[in-house]
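If you read the sequences in order, they're chains L and S. No gaps in the numbering here: position 465 of the first sequence is 464 in numbering that gives the first Met the number 0, and each next residue is one more. No gaps in the numbering here: position 67 of the second sequence is 66 in numbering that gives the first Met the number 0, and each next residue is one more. Contents: one structure, followed by commentary.
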Amino acid sequence: MTNKNTISRNSDLSGDEYQWGFTTDVETELAPKGLNTDIVKLISSKKDEPAWLLDWRIKAYENWEKLNKSEGEPDWAMINYPGIDYQDIYYYAAPKSSSNTPKSLDEVDPEMLETFEKLGIPLNEREKLAGVAVDAVFDSVSVATTMEDKLKELGIIFCSFSEAVKNHPDLVKKYLGSVVPFSDNFFAGLNSAVFSDGSFAYIPPGVRCPIELMTYFRINTEGSGQFERTLIVADKGSYVSYLEGCTAPFRKSHQLHAAVVELVALEDAEIKYSTIQNWFPGTPEGEGGVYNFVTKRGRAEKNAKISWTQVETGSAITWKYPSVILKGDNSVGEFYSVALTNNHQQADTGTKMIHLGKNTKSTIVSKGISAGKGNNTYRGQVQILPGAENAVNHTICDSLLVGDQCGAHTVPYIEVRNPTARLEHEASTSKVSEDKLFYLMSRGLSEEEAHHMIITGWSRDVIRELPFEFAVEASQLLKVSLEGAVG
Amino acid sequence: MLKVKNLCASVADVEDSDILKGVNIEVNPGEIHAIMGPNGSGKSTFSNVLMGRPDYEVTDGEINFNGEDIIELPADERSHKGMFLAFQYPVEIPGVRPWQFLKASLDAKSEYHGESKISVREFSKLFDEKVKSCGVNPELIKRSLNDGFSGGEKKRNEMLQLEILRPQLAILDETDSGLDVDALRIVADGVNSMRSPDRSFVIVTHYQRLLNYIKPDIVHILVDGKIVKTGNADLALDVEKNGYKDFQ
Numbered sequence: 000m001t002n003k004n005t006i007s008r009n010s011d012l013s014g015d016e017y018q019w020g021f022t023t024d025v026e027t028e029l030a031p032k033g034l035n036t037d038i039v040k041l042i043s044s045k046k047d048e049p050a051w052l053l054d055w056r057i058k059a060y061e062n063w064e065k066l067n068k069s070e071g072e073p074d075w076a077m078i079n080y081p082g083i084d085y086q087d088i089y090y091y092a093a094p095k096s097s098s099n100t101p102k103s104l105d106e107v108d109p110e111m112l113e114t115f116e117k118l119g120i121p122l123n124e125r126e127k128l129a130g131v132a133v134d135a136v137f138d139s140v141s142v143a144t145t146m147e148d149k150l151k152e153l154g155i156i157f158c159s160f161s162e163a164v165k166n167h168p169d170l171v172k173k174y175l176g177s178v179v180p181f182s183d184n185f186f187a188g189l190n191s192a193v194f195s196d197g198s199f200a201y202i203p204p205g206v207r208c209p210i211e212l213m214t215y216f217r218i219n220t221e222g223s224g225q226f227e228r229t230l231i232v233a234d235k236g237s238y239v240s241y242l243e244g245c246t247a248p249f250r251k252s253h254q255l256h257a258a259v260v261e262l263v264a265l266e267d268a269e270i271k272y273s274t275i276q277n278w279f280p281g282t283p284e285g286e287g288g289v290y291n292f293v294t295k296r297g298r299a300e301k302n303a304k305i306s307w308t309q310v311e312t313g314s315a316i317t318w319k320y321p322s323v324i325l326k327g328d329n330s331v332g333e334f335y336s337v338a339l340t341n342n343h344q345q346a347d348t349g350t351k352m353i354h355l356g357k358n359t360k361s362t363i364v365s366k367g368i369s370a371g372k373g374n375n376t377y378r379g380q381v382q383i384l385p386g387a388e389n390a391v392n393h394t395i396c397d398s399l400l401v402g403d404q405c406g407a408h409t410v411p412y413i414e415v416r417n418p419t420a421r422l423e424h425e426a427s428t429s430k431v432s433e434d435k436l437f438y439l440m441s442r443g444l445s446e447e448e449a450h451h452m453i454i455t456g457w458s459r460d461v462i463r464e465l466p467f468e469f470a471v472e473a474s475q476l477l478k479v480s481l482e483g484a485v486g
Numbered sequence: 000m001l002k003v004k005n006l007c008a009s010v011a012d013v014e015d016s017d018i019l020k021g022v023n024i025e026v027n028p029g030e031i032h033a034i035m036g037p038n039g040s041g042k043s044t045f046s047n048v049l050m051g052r053p054d055y056e057v058t059d060g061e062i063n064f065n066g067e068d069i070i071e072l073p074a075d076e077r078s079h080k081g082m083f084l085a086f087q088y089p090v091e092i093p094g095v096r097p098w099q100f101l102k103a104s105l106d107a108k109s110e111y112h113g114e115s116k117i118s119v120r121e122f123s124k125l126f127d128e129k130v131k132s133c134g135v136n137p138e139l140i141k142r143s144l145n146d147g148f149s150g151g152e153k154k155r156n157e158m159l160q161l162e163i164l165r166p167q168l169a170i171l172d173e174t175d176s177g178l179d180v181d182a183l184r185i186v187a188d189g190v191n192s193m194r195s196p197d198r199s200f201v202i203v204t205h206y207q208r209l210l211n212y213i214k215p216d217i218v219h220i221l222v223d224g225k226i227v228k229t230g231n232a233d234l235a236l237d238v239e240k241n242g243y244k245d246f247q
């Protein structure tokens, strides 16, 4: 499916639908393009990393390099793109001012703060008004983390990944790669070798995190890849809700994003992870846009619960399967997803629920919206292993078509190796019908509003899983993302 | 209020599919008109064309509402100008709550006319009041629009919308089909209570029985896309007795 042409880097820009398409004129420090052991060492030394981590990166790199030579990128997904030239990417791009890390918001480059203003996350106001602690990752380097002091009182650690490596090396060493090993897949391996920053959170035993933790990711430097790494550990009996938002500037060239998120929910703990992914989707003609190859997985110990909610409206390509390993007895895994593809976007997304423990329970609600020439594939795996007595899975998988040039595909894999398991799978495909549109329009809604209402209504089972503020944003994003597909 | 002249319409993009072949009616403020006709006479097409359904193409004639030719206007603008269609088969829209939908409808109308929007509190009060008076099941109405509603419940929900949107001209497209006597009465009560010197109704029906509860001022018989006879309420009783055969 993939051929190995490099992506054209000189096509014209057109269209203005993507409102987050500004760039920020911040001086950036770039390592040379390309990937080799020296670059891996450079990244590690830029971050002053301990030897064990460099060692881990090198192993990851060697493993990836082997994989790259033998098999290359995985090609089983229903996505089509010119091959990525891994030697034509910057693997390290940091705003220059980061060599002396800002100690407070006052020290942050004002222009960078302005960027966040445009994104609608004024860091300094959020802290007070919304009670959300934001860890903003800007080209992979964490800029400033708010609310840290308040969280400290509870023993909650929420900081950039680099800081965690410095200040909490034992925790990082214990859990890094414990859910997604570097040998897991091509893109996870790449990330393990070159990740430059990301977020880290640790919730101590019995603590309920009183605010929603939030990270905002943004790719700014042209031709740079973004490889952030998130690790969240919820210790016994704790609870945390974590939000992740992503945007990228309007670029004529494709940008590679290969992130890894690892969640560890120890006994009786609960992690709720919500994502609004709005990377630049490319122009309506299909130029540019982010290639999003992400590995997200959580491990739930006894009585623990992990819930993924995602609204995916961006990226030229989305390749993403937030999964849960239901390791402990009575553990619960949930996946709620709305993925929208418009114009030339392609999404191959879904989840894996791996049932190991007894009485484990998983729920999958996947909603795929295809518009324009978009192609949307749900790919899901439910695996019930021999020890998983009385496991239960319920899957709902719905597709909605807008227009007649888009595609929706459903690829469920179900593997049951214990006869006591109960599985239900419901699937449907529907269109935004003229009947529904006329009904709403006859009550005074414009064609666009009518479309929006039908689509958000159809997605409601997922959107209502989001924290309130995020739900409003998600609904707006669906509206903006569908502009041009309607009428 | 409504003047329809020589209205001809066919199914959009289908040749030789003429359904309406020159309909003329004139509805004055405060009047209730009944349009009766056998199956396939074009009754439903007529009500849908009045509201601007894109499935039909107007090939000739005029629709004039309050002195304005509205043929080019989309359904939402017709709604803003004071028209309303109660559907024969209201569609189910999953995930959209009636409350949210009706608030959005009123807001769109206010915006169109440059008026301020009704507050959430005021709207909630109005909504609860109308839910009660229309006999709508308050539990049902918390669910998705028409989703899982029975035929009767859907029609009651149409009347609820009618009472909240308070149009100048309400077109009821076979609202009585599938209704039991109690529900029929609720529809009739709704229409009768909203009857006023500046509001008009066009009631499209196959049977005369709804007209036992709503007394029309004028009755038209529509056969094969044309009005073949116009008279007073007695005409409906005539049809009840003798059927449509005399007009075919």
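Where is the CB? At the ideal position from N, CA and C, for every residue including glycine.
Where does the unbroken beta strand (DSSP E) through residue i begin, and where does it stop?
i, result
"L/K301", "First-last for L/K301: undefined, no H or E at that position."
"L/F157", "I156 to S159"
"L/K319", "I316 to K319"
"S/T58", "Y55 to F64"
"L/A426", "R421 to K430"
"S/I226", "K225 to G230"
"L/H256", "H253 to H256"
"L/F181", "Per DSSP, L/F181 belongs to no beta strand (DSSP E) and is neither H nor E."
When you compare only the Cα positions, how much space is there between residue i and residue j?
i, j, result
"L/G379", "S/A103", "36 Å"
"S/E181", "S/L105", "What sits at residue 181 of chain S in the sequence shown is Asp, not Glu. In a straight line, the C-alpha of S/D181 is about 29 Å away from that of S/L105."
"S/I213", "S/V190", "7 Å"
"L/D84", "L/L34", "10 Å"
"L/T312", "S/Y206", "50 Å"
"L/R207", "L/S237", "5 Å"
"S/E25", "S/G81", "17 Å"
"S/N23", "S/K2", "8 Å"
"S/N273", "L/D397", "In the structure as shown, chain S starts at 0 and stops at 247, and residue 273 of chain S therefore has no counterpart that could be examined."
"L/G327", "L/Q345", "35 Å"
"L/A59", "L/S273", "28 Å"
"L/K32", "L/N358", "50 Å"
"L/P385", "L/N342", "44 Å"
"L/K478", "L/A449", "11 Å"
"L/V239", "L/P209", "8 Å"
"L/L212", "L/G443", "40 Å"
"S/M250", "S/F64", "Residue coverage of chain S in this structure runs from 0 to 247, which leaves residue 250 of chain S outside it and unanswerable."
"L/W51", "L/Y91", "20 Å"
"S/G177", "L/V331", "46 Å"
"L/K127", "L/Y80", "A caution first: L/K127 carries a pLDDT of 35, below 50, which makes its placement in the model unreliable, though a value can still be read off. Going by the C-alpha atoms only, they are around 44 Å apart."
"L/Q86", "L/I38", "11 Å"
"S/V203", "S/G41", "10 Å"
"L/K149", "L/Y215", "20 Å"
Just checking my contact of residue i with residue j at CB under 8 Å: how many whole Å lie between their CB atoms?
i, j, result
"L/V337", "L/V461", "5 Å"
"S/E30", "S/S199", "5 Å"
"S/N5", "S/G21", "5 Å"
"L/S441", "S/S195", "Rounded, the Cβ-Cβ distance is 22 Å, inconsistent with contact."
Which partner residues does residue i have in the DSSP bridge list?
i, result
"L/W51", "For L/W51, which the question treats as bridged, DSSP gives no partner whatsoever."
"L/G490", "Examination of residue 490 of chain L is not possible in this model, given that chain L is present from 0 through 486 alone."
"L/L66", "Paired residues: none, contrary to the question."
"S/H32", "S/V201 and S/I217"
"L/E311", "L/Q276 and L/A338"
"L/S240", "L/K271"
"L/D397", "L/K366 and L/S427"
"S/D17", "S/S9"
Which residues mark the beginning and the end of the alpha helix (DSSP H) in which residue i is found?
i, result
"S/T174", "Note, S/T174: premise wrong, no alpha helix (DSSP H); not H, not E."
"L/F467", "F467 to S480"
Count the other CB atoms within 10 Å of the CB of residue i; is the residue buried (16 or more) or exposed (fewer)?
i, result
"S/S9", "buried"
"S/I18", "buried"
"S/H112", "exposed"
"L/K68", "exposed"
"L/G205", "exposed"
"L/Q475", "exposed"
"S/A169", "buried"
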